[in-house]
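Notes follow once the structure below has been shown.
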Amino acid sequence: MTKKIAIIGASGYTGAELIRLISTHPGLEIAALAANSKAGMRMAQVFPFLRHLDLPDLVTVDQIDFSQIDLAFCALPHKTSQEVIRELPKSLKIVDLSADFRLRDPEVYKQWYGNDHAAVEMQGEAVYGLTEFYRDEIKSARLVAGTGCNAATGQFTLRPLIEAGVIGLDDIILDMKCAVSGAGRSLKENLLHAELSEGYNAYAVGGKHRHLGEFDQEFSKLAGREVKIQFTPHLLPVNRGILSTGYVSGDAQEVYDTMVAAYAGEPFIQVLPFGEVPSTHDVRGSNFVHIGVTGDRIAGRAIVVTVLDNLCKGSSGQALQNANLMLGLDETAGLMGAALFP
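Those letters in the sequence shown? Residues 1 to 342, by the UniProt record's numbering.
This is the structure in structure tokens:
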């Protein structure tokens, strides 16, 4: 039986990515699309690359009959998302792509995002949406909180190693290169072509990036003690992709063997042969993650390079993967397309 889907925030990049993926999904039908600022418009006007699809027109959230919807994706900015989700029917399954339900502690959320949480009573209900590590909880969840794209990349790099105890916990460094689409579709001066192209810069330097809240929460929970990593993201003048280089202390072969064992059988995660490292080209437009491990010239050090597409596996693809589980569908449905190359 086909499941009916609503997408709230359909006029942003992640909303458009959800539509692209769901359009070939054998078990889902897009029944409603909401985007308050563009309500009344056709999707072909907002995103001409979707003009071949027979899609409902954009409406406001209050115009959607949620009694006819099996699951809603909420692709709104943080703060707005919690306010909208709080008012949705309590029986509705929801996958939230914002930051609003990722952090379990309301005070930690306030620390990183600067505002009190408007739906504190729902934070305890939300399941963290890193599919490969929360699969069983996601299957029975009503509300799933999609991870940050940087946070997902870093966790694919480090979670198995922290859990297995094969690396030191006090000297972990993540150097991350991020595509500009991760900043969303809103107009920002620093993201204008003349400001961004032909350049490359670090941002949120010195522990200011909000996804550190997710790293602190998840890594400390895994280790059973406080774990704080050094993390610096860099903005690249490219549309899609994240490349994370992790520097860790530990035996490189043991690090590699741990990764191979941890991801054996995972449909979307490919661990490359030892010594090979991936490129963002390898995963562009796909739901796949490629991971490479190599040793360093310094004994007892290893380097882990991880790539994913920030809009797909880092956000909308991950959201669809979670929705498949929540609806009792094949986890890989709609997501097995190969990367776009070149």
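Just so you know, even glycine gets a beta-carbon here, dropped at the ideal spot from N, CA and C.
Bear in mind that the values here come from a model prediction, so they are computed numbers and not experimental data.
Quick one, which of the options has its alpha-carbon nearest residue i's?
i	options	result
F156	I69, G224, E132 and L103	E132
D282	E195, P342 and I298	P342
L174	Q63, S11 and H211	H211
N310	C74, L235 and P267	L235
G40	H25, G27, A16 and S11	S11
C74	K110, P56 and A35	A35
F49	C312, D62, G337 and A16	A16
G199	E29, V180 and Y13	V180
L18	H290, D96, V289 and R297	D96
A6	D105, H25, G27 and D70	D70
residue 344	I229, V205 and P237	Coverage of the chain is limited to positions 1 through 342, which leaves residue 344 absent and any answer about it impossible.
G337	G328, T24, S197 and K3	T24
T153	E83, G250 and I269	I269
Quick one: what does DSSP say residue i is sitting in, helix, strand or coil?
i	result
E29	strand
V59	strand
G40	coil
V238	coil
D171	coil
L340	coil
Y128	strand
P48	helix
R54	Looking at the sequence provided, one finds Asp at residue 54 rather than Arg. Here D54 sits in coil by DSSP.
A34	strand
S286	coil
K208	coil
V84	helix
F133	helix
V180	helix
G199	coil
K3	strand
G246	strand
Along the alpha helix (DSSP H) that carries residue i, what are the first and last residues, could you check?
i	result
P77	First-last for P77: undefined, no H or E at that position.
M122	V120 to Q123
H193	H193 to L196
I162	C149 to A164
V255	A252 to A262
G292	No alpha helix (DSSP H) contains G292, which is instead part of the beta strand (DSSP E) from V289 to G295.
A16	Y13 to I22
A10	Element bounds for A10: n/a, residue is neither H nor E.
K93	No alpha helix (DSSP H) contains K93, which is instead part of the beta strand (DSSP E) from K93 to D96.
P106	P106 to Y113
S220	L212 to A223
Quick one: give me the first and last residue of the beta strand (DSSP E) that residue i is part of.
i	result
Q68	Per DSSP, Q68 belongs to no beta strand (DSSP E) and is neither H nor E.
G317	From DSSP, G317 is part of no beta strand (DSSP E) but of the alpha helix (DSSP H) over G317 to M326.
V304	R301 to L308
L143	L143 to A145
V271	I269 to V271
By Cβ distance below 6 Å, which residues in the same chain neighbour residue i in space, the five residues on each side in sequence not counted?
i	result
L243	K177, T280 and V307
A202	T232 and H234
H9	Correcting the residue identity first, residue 9 is Gly in this sequence and not His. If we look at G9 and ignore the five residues flanking it on each side, its Cβ neighbours are G15, A75 and L76.
V304	T157, G246 and V293
A126	F101, L143 and A145
Using a Cβ-Cβ cut-off of 7 Å (strictly less than) and excluding sequence neighbours within five positions of residue i, which residues of its own chain qualify?
i	result
A262	P160
H78	S98, A99, D100 and Y113
N324	D330, E331 and A333
M259	P160, V271, I291 and V293
G213	L103, V108 and W112
Near residue i, which residues of its chain fall below 8 Å by C-beta distance, leaving aside the five closest residues on each side in sequence?
i	result
residue 346	In this structure the chain extends from 1 to 342, so residue 346 is not present and cannot be described.
K3	G27, L28, E29, D70, L71, L327 and L329
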